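If you read the sequence shown in UniProt numbering, its first letter stands for residue 1, the second for the next number, and so on. Backbone N, C-alpha and C fix where the C-beta goes; we use that ideal spot for every residue, glycine too. Here the structure is a predicted model, which means the values were calculated and not measured.
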Amino acid sequence: MFNSNQPPAPYYHQTQYPAYYPPPHQPHTPVPFGNMDTRAPPPYQFPRQPNMPPQQQSAPRPWFRITKEEVRNLANDQTIVNITRQSAFNIPKELSSKSSVALTRPDGSLMGTIRFHSMTSTSIDVTINGHSSKLSDSAMMGTKFTFNPISRGAVTTFGGEKWCWKLKGHANATLHSAKSGGELLAKVEEGMLVFEKPGMSHAEMDEILVTGVALHFKGSRNKKDEKTAEAVFEAVGGIAG
1 MFNSNQPPAP YYHQTQYPAY YPPPHQPHTP VPFGNMDTRA PPPYQFPRQP
51 NMPPQQQSAP RPWFRITKEE VRNLANDQTI VNITRQSAFN IPKELSSKSS
101 VALTRPDGSL MGTIRFHSMT STSIDVTING HSSKLSDSAM MGTKFTFNPI
151 SRGAVTTFGG EKWCWKLKGH ANATLHSAKS GGELLAKVEE GMLVFEKPGM
201 SHAEMDEILV TGVALHFKGS RNKKDEKTAE AVFEAVGGIA G
């Protein structure tokens, strides 16, 4: 006899679903169906974005040369982005600074901007494909910068995935995922940017490129600031002596 108070049996179609799927929040005992396979299906794989094939595991790691004027792909000797200093009148008011840097693609489209603070903070403001982000100086020494990757959907500063750039000296830096066992994602060595993790999307590579250039320039700025401080110290010492 049909009982209207009982929940309906879950839909099951052997050719479509090789396992039993109960309705959400309604645990049921699997319905016998011959030699039905009750194993859970594999995790859902998010589809790749069109026209953005991932790097293959066997493919060589991309190497890029960072200079003051450009970032160049060493595999084909082509310019990836051009680097220019921007006037405060050419960028949004909230990012205006005489020390702002713009990264533009060869077709003229803007990939990102970089703004360094002077006396107020050692953090770095960036925009990547129109989205704003901040590299926070988590060590308060201008050597360790943590941020929520826009390309991974982590747009809030609270929770979510975090990436961390660490400066080593003035010319080297490494990028690690702070929530994936410290996985190495990329590194900068003597002006060479290397992507260490295969299979990254174009959006992730853009974000790493912009922030990598920021860290490369930050190392140069730290070196310049140290030389200036040394010169001032020597001058003061000479006067005092």
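So, at 6 Å on beta carbons, what are the nonlocal neighbours of residue i in its own chain, with the 5 sequence-adjacent residues on each side left out?
i, result
"residue 84", "102"
"residue 138", "144, 146"
"residue 133", "126, 147, 150"
"residue 69", "83"
"residue 89", "Any reading at residue 89 needs caution, since the residue's pLDDT is 44, under 50, leaving its predicted position unreliable; the model's value is listed next. There are no such residues."
On a CA-only basis, which of the options is nearest residue i? Give me that one, please.
i, options, result
"residue 114", "187, 131, 196", "131"
"residue 164", "170, 71, 178", "178"
"residue 166", "127, 76, 211", "211"
"residue 76", "68, 67, 69, 62", "62"
"residue 215", "172, 73, 106", "172"
Measuring CB to CB, does residue i end up less than 8 Å from residue j?
i, j, result
"residue 151", "residue 135", "no"
"residue 191", "residue 65", "yes"
"residue 168", "residue 185", "no"
"residue 162", "residue 174", "no"
"residue 128", "residue 108", "no"
"residue 176", "residue 219", "no"
Apart from the five residues just before and just after residue i, which ones in its own chain have a Cβ nearer than 7 Å to its Cβ?
i, result
"residue 110", "102, 104"
"residue 207", "128, 149, 150, 151"
"residue 195", "61, 62, 186, 205, 208"
"residue 74", "63, 64, 65"
"residue 24", "Reliability of the predicted coordinates at residue 24 is poor, the pLDDT of 45 falling under 50, and no value is obtained from them."
Tell me which residues share the same chain as residue i and place their Cβ nearer than 8 Å to its Cβ, disregarding the 5 neighbours each side in the sequence.
i, result
"residue 71", "64, 65, 79, 80, 81, 83, 103, 193, 209, 213"
"residue 217", "101, 114, 116"
"residue 189", "171, 172"
"residue 67", "83, 191"
Exercise. What runs of the beta strand (DSSP E), each 3 residues or longer, lie entirely inside the stretch 166 to 212?
Worked result: 172 to 177, 184 to 189, 192 to 195
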